[in-house]
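Novice: To start, I am sharing the structure in question, which I have written as structure tokens.
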């Protein structure tokens, strides 16, 4: 039974039970997801196997109106579109804040979007005024999807509880649990007997060190507050449980409801309020540490880590946290690797940082993808110095066989289609398609762990460009992406090769990866949270973009190679680029030719889009024609938008006979009247 659905070009075939069909076909992917609701497909569905396109039977048979007047967006009707109307290919639902690429009800005037689940919710949707927010809120009594955004009041995930939502805010993330919206405006509390506490929806202005009296957390949600004493409690800590039992400890924990200074036995950090005690073990801990898991898995280490607060006989004398590279106090709890050969140890707060550890990660999710690559067949081999080498292979990311070039000269205009860097031997190639892969890129594992992300990453081929999460550069080629639902992390190949410890020629000490870096990069002066810092405490920081810059580069007018240079010297007369003749920043890296005494900006040598595949096309909304990536070397025409020369990579529309810089493409419609 075939179905022709408006959201897909090809007929869809009905499958009674996708779970059974996928097992028979030995599907290796994480699973199939419905293009309409983007939930997992397991039962009856319609599919186009060639395109990996799926629709639940129920979604495919929905009677969706092509245009609706919806109470969530009274000003204009919403139009049903088969896919996202935006350049990114993704749209964010204005109700649930989920990110989708499939069916959407869209208002082009307001850029307002609803996925089909949210558009189908029924209810009264009365608007109410609430002192916590400037706009009216609508009540959603029942939602059929987990909402991953946090409540304004308790700062916890909305989940599927009844909640209020603001549909007027541009940020879209204004949610309030129904129970948080109905909290009493004033309470009496035994933690502060002098005065009643008033519920403040906007926390009071006070010093950065000020926090909740009990948990000492910096707080952004609702707070019960005494203005006279500047005393505050979070709603959760108004009535702390006097006794807590957890599966991670064999005895109950008792609340000590008196303020006191202490060091938590489980994490080794200070506390100064009301801790919990285990009178049997003589432990004193933070409330948040009571539920610490005994075993965790992080992507920074290949074994599971165990929590311990006891002395470890087999551990080395040097107790340095492998994440922050500071000393670990032996008297308190820490996470460590039980394998005697590993000697891996980490502070509790470092190992359980949410940018490093996912509490929902299941150890059973590990797969064999970490040990196998995407070479699907070896056609021919050759014995070289006792090693058998594949000289012709079949790779999953290309239709034709690839032949090995082991040595010899390489044309300087060829880039690897995996990492998008200049090709070098040994490499595999298909001359017919001009498709080339470094041997190392062809042998990349299907899945890998990377310290920059908390989930396993899968190797994929990029038909469209991507922005690398680590270096923030535009890329074609291969990338490692996270396949977890709702996680859109992608990292290019060059960045994926960096480990959590790195030695760079620009600095004398090793650098370590920091997920919460607060400082300027020593190479470019930009600031990114994900960057490398000096292990010895120097104020030296490098981001991924600078770490992956080529050490040697070439320019069309210079017969010598240019070297990446880290210090401009002290002569201000030298702080100029010899290509664009503009001033250079004295503390930013640059390329330099010692033979010709020429210095140049990084972008003047590498161009704006150094890792883009020339000849590829893209649709730049709302321009009506496809734009082609080109590189101008000798003849550099002016950009049709800003009138500056397009020197290097650019976008070209052959039908309109125009060319523009990447950043100028959004203004193209003003030129041709499209």
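Residue numbers (this note's numbering): -8 to 665.
The beta carbon of each residue, even a glycine, is placed where N, CA and C say it ideally should be.
(1) Can you name, in chain order, every residue of its own chain whose Cβ lies under 8 Å from the Cβ of residue 3, other than the five neighbours on each side?
(2) Do residue 490 and residue 442 have their C-beta atoms closer together than 8 Å?
(3) Distance, Cα to Cα, residue 513 vs residue -2?
(4) What are the start and end residues of the alpha helix (DSSP H) that includes residue 535?
(5) So, are the CB atoms of residue 245 and residue 267 less than 8 Å apart?
(6) From residue 17 to residue 11, what distance separates their C-alpha atoms?
(7) So, at 6 Å on beta carbons, what are the nonlocal neighbours of residue 150 in its own chain, with the 5 sequence-adjacent residues on each side left out?
(8) Per DSSP, which residues does residue 503 bridge with? Please list them.
(9) Give the range of the alpha helix (DSSP H) segment to which residue 49 is assigned.
(10) Which residues share a DSSP beta bridge with residue 297?
(11) Spatial neighbours of residue 667 within its chain, please: CB distance less than 6 Å, with the 5 preceding and 5 following residues excluded, ordered by chain position.
(12) Going by the CB atoms, is the gap between residue 298 and residue 284 shorter than 8 Å?
(13) CB residue 656 to CB residue 642, shorter than 8 Å?
(14) Classify residue 340 as helix, strand or coil using the three-state DSSP reduction.
(15) Run through DSSP, which three-state label would residue 432 get?
(16) What do you get for residue 406, buried or exposed, if any count of 16 or more other CB atoms within 10 angstroms of its CB means buried?
(17) Under the rule that 16 or more other beta-carbon atoms within 10 Å means buried, what is residue 64, buried or exposed?
(18) For the stretch 220 to 278, which segments carrying the beta strand (DSSP E) assignment without a break, of at least 3 residues, lie completely within its bounds, in sequence order?
(19) Let me confirm a value: residue 348 is counted as buried when at least 16 other C-beta atoms fall within 10 Å, else exposed. Which label applies?
(20) Express the C-alpha separation of residue 545 and residue 403 in angstroms, rounding to a whole number.
(21) Which residues mark the beginning and the end of the beta strand (DSSP E) in which residue 150 is found?
(22) Evaluate contact between the stretch 58 to 74 and the stretch 99 to 106, counting only Cβ atoms and requiring at least three cross-stretch pairs below 8 Å.
(23) Give me the Cα-Cα distance between residue 688 and residue 639, rounded to the nearest whole angstrom.
(24) Using the Cα positions of residue 72 and residue 1, report the straight-line distance between them to the nearest angstrom.
(25) Count the CB pairs spanning the stretch 569 to 583 and the stretch 546 to 556 that are closer than 8 Å, and state whether there are at least three.
(26) Using a Cβ-Cβ cut-off of 6 Å (strictly less than) and excluding sequence neighbours within five positions of residue 119, which residues of its own chain qualify?
(27) Are the CB atoms of residue 262 and residue 255 within a distance shorter than 8 Å?
(28) Can you tell me whether residue 422 is helix, strand or coil according to DSSP?
(29) How is the alpha helix (DSSP H) around residue 593 delimited, first residue to last?
(30) With 8 Å as the threshold, decide whether the Cβ of residue 256 is near any Cβ in chain C.
(31) Determine the DSSP secondary structure at residue 590, reduced to helix, strand or coil.
(32) Residue 121 and residue 142 - do their beta-carbons sit closer together than 8 Å?
(33) Of all the options 578, 521, 315, 274, which has the alpha carbon lying nearest to the alpha carbon of residue 560?
(34) Touching or not, the stretch 619 to 627 and the stretch 594 to 604, by the rule of three or more beta carbon pairs under 8 Å?
(35) Between which two residues does the alpha helix (DSSP H) containing residue 381 stretch?
(36) Going along the chain, which residues of its own chain have a beta-carbon closer than 6 Å to the beta-carbon of residue 219, five neighbours each way excluded?
Specialist: With the given structure in hand:
(1) Residue mapping note: residue 3 aligns to position 12 of the chain shown, counting from 1. Counting only Cβ-Cβ distances below 8 Å, and skipping sequence neighbours, we find -7, -6, -5, -4, 37, 38, 39, 44, 46, 51.
(2) Translated into positions along the chain shown, residue 490 becomes position 499. Translated into positions along the chain shown, residue 442 becomes position 451. Yes, they are a contact pair.
(3) As a working note, residue 513 is residue 522 in the chain shown. As a working note, residue -2 is residue 7 in the chain shown. Whole-angstrom Cα-Cα distance: 49 Å.
(4) Here residue 535 corresponds to residue number 544 of the chain shown, with the count starting at 1. Run containing residue 535: 535 to 538, per the alpha helix (DSSP H) assignment.
(5) On the chain shown, position 254 is the one that residue 245 refers to. On the chain shown, position 276 is the one that residue 267 refers to. Against a cut-off of 8 Å, the Cβ pair of residue 267 and residue 245 comes out as a contact.
(6) Translated into the one-based positions of the chain shown, residue 17 becomes position 26. Translated into the one-based positions of the chain shown, residue 11 becomes position 20. Here residue 17 scores only 47 on pLDDT, less than 50, and its place in the model is too uncertain to base an answer on.
(7) Within the chain shown, numbered from 1, the residue matching residue 150 stands at position 159. Cβ within range, chain order: 137.
(8) To locate residue 503, count along the chain shown from 1; it is residue 512. Looking at the DSSP assignment, residue 503 forms a beta bridge with 492, 524.
(9) In the chain shown, residue 49 corresponds to position 58, counting from 1. That run of the alpha helix (DSSP H) goes 48 to 51.
(10) For the purposes of this step, residue 297 is taken as residue 306 along the chain shown, with counting starting at 1. Bridge partners of residue 297: 286, 327.
(11) The first residue shown for the chain is -8 and the last is 665, placing residue 667 beyond what the model contains.
(12) Mapped onto the chain shown, residue 284 falls at position 293. Mapped onto the chain shown, residue 298 falls at position 307. Yes, the Cβ-Cβ distance between residue 284 and residue 298 is below 8 Å.
(13) Numbered from its first residue, the chain shown carries residue 656 at position 665. Numbered from its first residue, the chain shown carries residue 642 at position 651. Against a cut-off of 8 Å, the Cβ pair of residue 642 and residue 656 comes out as a contact.
(14) Your numbering for residue 340 matches position 349 in the chain shown. Helix at residue 340.
(15) As a working note, residue 432 is residue 441 in the chain shown. Residue 432 falls in the helix class under three-state DSSP.
(16) By one-based count along the chain shown, residue 406 stands at place 415. Buried: at least 16 other Cβ atoms inside 10 Å.
(17) In the chain shown, residue 64 corresponds to position 73, counting from 1. Label assigned to residue 64: buried.
(18) 222 to 224, 244 to 246, 267 to 269, 274 to 276
(19) Along the chain shown, one-based indexing puts residue 348 at 357. It is buried - the Cβ of residue 348 has at least 16 other Cβ atoms within 10 Å.
(20) The residue labelled residue 403 in the question sits at position 412 within the chain shown. The residue labelled residue 545 in the question sits at position 554 within the chain shown. The straight-line gap from Cα to Cα measures roughly 10 Å.
(21) Stepping through the chain shown from its first residue, residue 150 is reached at position 159. Run containing residue 150: 148 to 150, per the beta strand (DSSP E) assignment.
(22) yes
(23) Residue 688 is absent from the model: the chain starts at -8 and stops at 665.
(24) Position 81 of the chain shown, counted from the first residue, corresponds to residue 72. Position 10 of the chain shown, counted from the first residue, corresponds to residue 1. Each residue's alpha carbon lies about 17 Å from the other.
(25) yes
(26) Counting from one through the chain shown, the residue named residue 119 turns up at place 128. Result list for residue 119: 128, in chain order.
(27) One-based indexing of the chain shown puts residue 255 at position 264. One-based indexing of the chain shown puts residue 262 at position 271. Yes, these two residues count as a Cβ contact at 8 Å.
(28) As a first step, residue 422 must be located in the chain shown, where it is residue number 431. In this structure, residue 422 counts as coil in the three-state DSSP scheme.
(29) Here residue 593 refers to the residue found at position 602 of the chain shown. Note, residue 593: alpha helix (DSSP H), 593 to 597.
(30) Given the protein chain composition of this structure (a single chain), no chain C is represented.
(31) Counted from its first residue, the chain shown places residue 590 at position 599. Residue 590 falls in the strand class under three-state DSSP.
(32) Locating residue 142 in the chain shown gives position 151, where the first residue counts as 1. Locating residue 121 in the chain shown gives position 130, where the first residue counts as 1. No, the pair does not count as a contact, with Cβ atoms beyond the cut-off.
(33) Within the chain shown, the letter at position 569 stands for residue 560. Residue 578 is the option with its Cα nearest to residue 560.
(34) yes
(35) Residue numbering aside, residue 381 sits at position 390 when the chain shown is read from its first letter. Note, residue 381: premise wrong, no alpha helix (DSSP H); beta strand (DSSP E) at 378 to 386.
(36) Your numbering for residue 219 matches position 228 in the chain shown. Hits under 6 Å: 186.
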